[in-house]
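Comments concern the structure below.
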Amino acid sequence: MSALRFEGYTADQLLAFPDEHFRAFVLTGEPLVVRIGSAEVLGQFAVSGDTLILELAQIDEGGEGVLPALAALAERYTRRQNLRFIEWRVHALHCARPKLRLRRMLEQKGFAVQTLPVVGECRWRRVPVDAA
Numbered sequence: 637m638s639a640l641r642f643e644g645y646t647a648d649q650l651l652a653f654p655d656e657h658f659r660a661f662v663l664t665g666e667p668l669v670v671r672i673g674s675a676e677v678l679g680q681f682a683v684s685g686d687t688l689i690l691e692l693a694q695i696d697e698g699g700e701g702v703l704p705a706l707a708a709l710a711e712r713y714t715r716r717q718n719l720r721f722i723e724w725r726v727h728a729l730h731c732a733r734p735k736l737r738l739r740r741m742l743e744q745k746g747f748a749v750q751t752l753p754v755v756g757e758c759r760w761r762r763v764p765v766d767a768a
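Our numbering numbers the first residue of the sequence shown as 637 and each following residue consecutively.
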């Protein structure tokens, strides 16, 4: 498991929070700025039906494995909650200074450019938890 911290907490510490607290503070579906390692991530996180939705608008700094750490945390959470999918919506490619390394990584992982209702254009991927 990654040594990166999420707002000062390890992944194990976050997953130990009571689910009602985790949902009330993190899985709100509202914009949230989270420090993951040295990065500041602007995103929205929510559960819809059997899917954990991770929507990332902007990633500042970082580079030490922020997305893999977030993916590992998301996979552990979905398994614990018996969810079936993780849906990624990445807008961070359209920010003022897009990171080419991020674009390449998303392409290699099979993220496709999609235009989603209400969401707009983003790099999108829906992953079954068994394949995450």
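Here a beta-carbon is modelled for each residue, glycine too, at the ideal position from N, C-alpha and C.
In this text the structure is predicted, and so the values were computed from the model without any measurement.
Under the DSSP definition of a beta bridge, which residues are partnered with residue i?
i    : result
E743 : Answer is none; E743 lacks a bridge partner.
L688 : V683 and I722
D696 : E676
F642 : Y645 and I672
Run through DSSP, which three-state label would residue i get?
i    : result
V669 : strand
H727 : coil
F653 : coil
Considering residue i, what are the terminal residues of the beta strand (DSSP E) in which it resides?
i    : result
T751 : A748 to L752
V702 : Taken as a continuous stretch (DSSP letters only), V702 belongs to no beta strand (DSSP E), being part of the alpha helix (DSSP H) at V702 to R716.
R762 : G756 to P764
For this session: Flag this pair as touching only if the region 681-690 and the region 649-658 have three or more C-beta atom pairs under 8 Å; answer yes or no.
Result: no
Problem set entry | Segment contact, 8 Å Cβ cut-off, at least three pairs: the region 744-755 with the region 675-687 | no
Problem set entry | Touch test, the region 666-678 against the region 701-712, Cβ-Cβ under 8 Å, three pairs minimum | yes
Exercise. Are at least three pairs of beta-carbons, each pair with one atom in the region 711-726 and one in the region 757-764, less than 8 Å apart?
Worked result: yes
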